[in-house]
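Protein chains: 2
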Amino acid sequence: MRQKKVEELDKLVSSIATAGDKLPTVERRQFLSQGLSMLGGAAAMVAGGTALAATTSKYAPPNVPPWTKTLGQGVIADPYGVPSPFESNVVRRNVPWLTADRIASISFTPLADLKGIITPSGLVFERYHAGRPEIDPDEHHLMIHGMVDRPIILTMDDLMKFPSTSMIRFLECPANGGMEWRGAQMTKLQFTHGMLSCCEWTGVLLSTILAEVGVNKGASWILAEGADGALMSRSIPMEKALDDALIVYAQNGEALRREQGYPIRLINPGWEGNTCIKWLRRLEIGDSPYYQREETSKYTDLMPDGTAREFTFVQESNSVVTTPSPENPLKGKGKYWLEGLAWSGRGKIKAVDVSLDGGINWRPARLTGMIEPRALTRFGMEWDWDGSPALIQSRSIDETGYVQPTYTQLRAVRGSSSIYHKNAIHTWRLHADGSVTNVQIS
Amino acid sequence: MRQKKVEELDKLVSSIATAGDKLPTVERRQFLSQGLSMLGGAAAMVAGGTALAATTSKYAPPNVPPWTKTLGQGVIADPYGVPSPFESNVVRRNVPWLTADRIASISFTPLADLKGIITPSGLVFERYHAGRPEIDPDEHHLMIHGMVDRPIILTMDDLMKFPSTSMIRFLECPANGGMEWRGAQMTKLQFTHGMLSCCEWTGVLLSTILAEVGVNKGASWILAEGADGALMSRSIPMEKALDDALIVYAQNGEALRREQGYPIRLINPGWEGNTCIKWLRRLEIGDSPYYQREETSKYTDLMPDGTAREFTFVQESNSVVTTPSPENPLKGKGKYWLEGLAWSGRGKIKAVDVSLDGGINWRPARLTGMIEPRALTRFGMEWDWDGSPALIQSRSIDETGYVQPTYTQLRAVRGSSSIYHKNAIHTWRLHADGSVTNVQIS
């Protein structure tokens, strides 16, 4: 009997759907929705308002929506494509009160809207110290000098002749979440964690260039300097330069974007974004750090005893739940795919745990997609929400065994005067109405 | 003596560069360029016109270019970022004579300009059969019916509640290179191989949805139907549906682009792009193929004996050199990084060989970056070009042991009447002036 009804339904649906240009009658739609509600108990349970959707939308199949009845846009409407107008809300945003002006400021990646691990280049967060320069690549050069045998000035054409490699790695401003150190509560995920992106970076290993110029004995630090108006500069230890530091000319397959350092930047995988000098024009090899502004008065961590931690390069393991989040509230109880992002500047993510009760009980999430070292890593968990309020947390563990700390653990070591390197476990409060707010619990 | 000169040079360069706002005098620049030409023999050799660049460009460091002396653009000039105006030539293009109109046509990915393996979403090739529909995701539904226990209609919200996963996979039109079957010679890499892209795709495994609806015993094929004006549809074997077929809602981190099927499409990794139905609205489960237009009169391979190979889903292993290529000529003899792309619909690329003499001698290239199954894979090789003409080829081998065939081998099996599945070894003729043309050798 049940099977017979399914067959009847299918035959009808099939005949309507393949007709293609004939709107079904009300009777047909009612039969369909009755069929679904009659047969679709499990479906309605799993997929929320499925049967409802079928009855309320005039475009649910087998009904034929208007875009099926007309020809669409031909090639090439957009020689360089852009997102659907229905996605116009997915953009970088800034926090106007955070900085004195927009020249030395930040825009945030809309993490709540992203899926997978790649950040589209148009949504990678921005951090400027003197604005975004507009550089002609034919007039850009990279000078490598100092404690080397053969100082050199490279054009872009020169750089392209060296062996090239690619890697997917995250990029994070060490001030990410900095507003939360002392208990500030930003209202959105975009602002609590959005100084974070992940791209495929392509370029020449710095070690390849250093082999070319011949590093002198005793050389141990490199000054990297940008061509922006701030001459933004940081000191990089030789160990990192000889490990995985990359002089990058491409991002997600195409030329680096201007806001990311076009035509070239440094990427020190897993390290403070601030060290990944954009618009790179000069590398000076020396035997001690250069103590630039951005590693002395800024980008050091003020400790409880008044001293400052210097050269704290590594972005330690961190994680955040992206759904649910303030931007992704839940719509009624039922089954959901709870998901988020984890990352570690020390290597691969090994595991992520999720708590729904503010850290009392934990259960393992599933790592989905690729697990690359020093890259964003997706985690997810099936969850049947009963409609009760919850305190949602995630806790990452990286391949070194490092476990993401609580606020209490982090402050016990580092106090509460820091701006940088806030990687404490984050809490979202899920309310009974499905809305989500940012709270701090120890 | 030599070391002393280096130190003097460095001291001078350093003092000039850190001054930052002071243009060096002509004397200083001359000294620098003399220093480079005096010391930089190896540098000039490896990096081509390095010393020349230093002497001829007024912006080579330590000179200070204009963009360093002004403030740049603040946040957020572009809430959704765009490429530098200096990259305005990197766009999709079509071949006007190839199709009767632009509604049922193709645009090609500019492969010669791309690096790494990700294709930026704005440059992913397009293939329409009735143009690009403009779909409101709130009004889009996916119906799954036929030989199932629980037919269902899903909204986008419903789909987002299922477990999600991501994978980087290539997407290729089976007609890629089709114009070359009978000896046509397109003038650019963009047109010989540009119906090819590679993205991170995120969505719900089709197997997850099928488990939800309960597939009946005996079901073996699935009809996938799009919501475009062509109701574009293909039959998919159950084996693929239960393996890695993905219902995709995100591409390179963000919502699927309209030209790629917004809000959802099917991705059958490694299979004909044509099977990866865009604007997916309906999946009908049955026990035989549906013999739609696009798998009978089109997308079959006409064999020498007059029969047609049907349901030839897999894109067999293929490769192409991207530098040098018609769009990337060489600028004089010297060292270069020869590079290209390889891929296989059957799994991972195991090796790529390169020939410089039209297939007489081969040497192994290096695989760089990530090696994912059914994804583009980069290869490269250091090459010191002596300025002689060359016939440049690449040959891929995948993890099944399949070796990319020559034209002779391919035509021996499949004749010369096909349009689809042209994966023969490709040849670029490099001329003494560095220019590159497309030739076919057997």
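In the order they appear, the protein sequences are chains A and B.
First residue of the first sequence? That's 1 in this note's numbering, and the numbers climb one at a time after it.
First residue of the second sequence? That's 1001 in this note's numbering, and the numbers climb one at a time after it.
Note that CB positions come from ideal geometry on N, CA and C, so glycine has one too.
Fair warning: this is a prediction, and the values are worked out from it, not measured in the lab.
Segments assigned beta strand (DSSP E), at least 3 residues, entirely inside the stretch 291 to 357 of chain A: Listed in chain order, the complete beta strand (DSSP E) runs (minimum 3 residues) inside the stretch 291 to 357 of chain A are 318 to 323, 334 to 343 and 349 to 355.
Spatial neighbours of residue 52/A in its chain, beta-carbon cut-off 7 Å, leaving aside the 5 residues before and after: Residue placement at residue 52/A cannot be trusted, given a pLDDT of 38 that sits under 50; what the coordinates show is reported in the next sentence. Excluding residues within five positions, none has a Cβ falling inside 7 Å.
Under 7 Å between C-beta atoms of residue 1427/B and residue 1393/B: For residue 1427/B and residue 1393/B, yes; Cβs fall inside 7 Å.
Residue 211/A: first and last residue of the uninterrupted alpha helix (DSSP H) it sits in: Residue 211/A -> alpha helix (DSSP H) spans 206 to 213.
Residue 396/A in three-state terms, based on DSSP: In the three-state reduction of the DSSP assignment, residue 396/A falls in the strand class, which pools E and B.
Beta-bridge pairing of residue 1073/B - partner residues as DSSP gives them: Residue 1073/B is bridged to 132/A.
Neighbour-count burial assignment, residue 1069/B, 16 or more Cβ in a 10 Å radius: The residue in question, residue 1069/B, is exposed, as its Cβ has fewer than 16 Cβ neighbours within 10 Å.
The stretch 1335 to 1345 of chain B / the stretch 1375 to 1390 of chain B touching (three or more Cβ pairs under 8 Å): In this structure the stretch 1335 to 1345 of chain B touches the stretch 1375 to 1390 of chain B; the number of beta carbon pairs closer than 8 Å is three or more.
Chain B within 7 Å of residue 91/A, Cβ atoms only: So, interface residue.
Inter-residue CB distance, residue 1106/B and residue 1173/B (contact presumed, cutoff 8 Å): 7 Å between Cβ atoms; contact.
CA nearest to the CA of residue 233/A, picked from 382/A, 300/A, 240/A and 223/A: A check of alpha carbon separations from residue 233/A across 382/A, 300/A, 240/A and 223/A identifies 223/A as the nearest.
Residue from 144/A, 431/A, 216/A and 64/A whose Cα sits closest to the Cα of residue 206/A: Looking at 144/A, 431/A, 216/A and 64/A, the one whose alpha-carbon comes closest to that of residue 206/A is 144/A.
Short-range partners of chain B found in the stretch 65 to 84 of chain A, where Cβ spacing is below 8 Å: Result list: 65, 67, 68, 69, 70, 71, 72, 73, 74, 75, 76, 77, 78, 79, 80, 81, 82, 83 and 84.
Residue 146/A versus 76/A, 190/A, 119/A and 219/A, residue with shortest Cα-Cα distance: Nearest Cα to residue 146/A within the set 76/A, 190/A, 119/A and 219/A: 219/A.
Pick from 333/A, 348/A, 260/A and 366/A that is closest to residue 398/A, judged by C-alpha positions: Checking every option, the nearest Cα to that of residue 398/A belongs to 348/A.
Whole-number beta carbon distance between residue 1351/B and residue 1279/B, since they are thought to touch under 8 Å: Not really, about 38 Å apart at Cβ, beyond 8 Å.
Per-residue DSSP class, three states only, for residue 412/A: It is helical.
Chain-order list of residues whose beta-carbon lies under 8 Å from that of residue 406/A (same chain, five-residue window excluded): Closer than 8 Å at Cβ, skipping near neighbours: 359, 424, 425 and 442.
Contacting residues, own chain, Cβ-Cβ under 6 Å from residue 1129/B (five flanking each side not counted): Answer for residue 1129/B: 1104, 1230 and 1232, listed in chain order.
Residues of the stretch 184 to 211 of chain A with Cβ closer than 7 Å to any Cβ of chain B, in chain order: Using a CB distance below 7 Å, the part of the stretch 184 to 211 of chain A facing chain B consists of 200 and 202, ordered along the chain.
Buried or exposed by the 16-neighbour rule on C-beta atoms within 10 Å, applied to residue 1421/B: In the assembly as shown, residue 1421/B is a buried residue. Its beta-carbon has 16 or more other beta-carbons within 10 Å.
Residue 1126/B - partner residues in DSSP beta bridges: In DSSP, residue 1126/B forms a bridge with 1107/B.
Close-in-space but distant-in-sequence residues of the same chain around residue 1148/B (CB under 7 Å, 5 per side omitted): Around residue 1148/B: 1213, 1214, 1215, 1216 and 1285.
CB contact flag (residue 369/A, residue 1118/B, <7 Å): No.
Residue 439/A burial status per 10 Å Cβ neighbour count (16 or more: buried): Classification of residue 439/A: exposed, given that the 10 Å Cβ count is below 16.
Three-pair Cβ contact test at 8 Å for the stretch 178 to 191 of chain A versus the stretch 109 to 128 of chain A: Verdict: yes, contact present.
Contact list for the stretch 328 to 341 of chain A against chain B, Cβ threshold 8 Å: So the close ones are 331, 334, 335, 336, 337 and 339.
Bridge partner(s) assigned by DSSP for residue 1271/B: DSSP output for residue 1271/B lists 1314/B as bridge partner(s).
Contact set between the stretch 240 to 270 of chain A and chain B, restricted to residues whose Cβ is under 9 Å from the partner: If the cut-off is 9 Å between Cβ atoms, the stretch 240 to 270 of chain A has 249, 250, 251, 252, 253, 254, 255, 256, 257, 258, 259, 260, 262 and 263 near chain B.
Min CB distance residue 428/A to chain B below 7 Å: Not one chain B Cβ lies under 7 Å of residue 428/A.
Residue 1145/B - DSSP class collapsed to helix/strand/coil: If DSSP states are grouped into helix, strand and coil, residue 1145/B belongs with the strands.
Selection from 1362/B, 1330/B and 1238/B that minimises the alpha carbon distance to residue 1387/B: Of 1362/B, 1330/B and 1238/B, the smallest CA-CA separation from residue 1387/B is found for 1330/B.
Per-residue burial, residue 1240/B [other beta carbons within 10 Å of its own, 16 or more giving buried]: Note on residue 1240/B: 16 or more other CB atoms within 10 angstroms of its CB, so buried under the neighbour-count rule.
Below-7 Å beta-carbon distance, residue 1435/B vs any chain A residue: Cβ-Cβ to chain A under 7 Å: no for residue 1435/B.
Amino acids of chain B, ordered along the chain, whose beta-carbon sits closer than 7 Å to that of residue 379/A: For residue 379/A, there are no neighbours in chain B by C-beta distance under 7 Å, as the nearest C-beta there is about 11 Å away.
Closer than 7 Å at the beta carbon, the chain A residues around residue 1313/B: The premise fails here: residue 1313/B is roughly 23 Å from chain A at the closest Cβ pair, so nothing lies under 7 Å.
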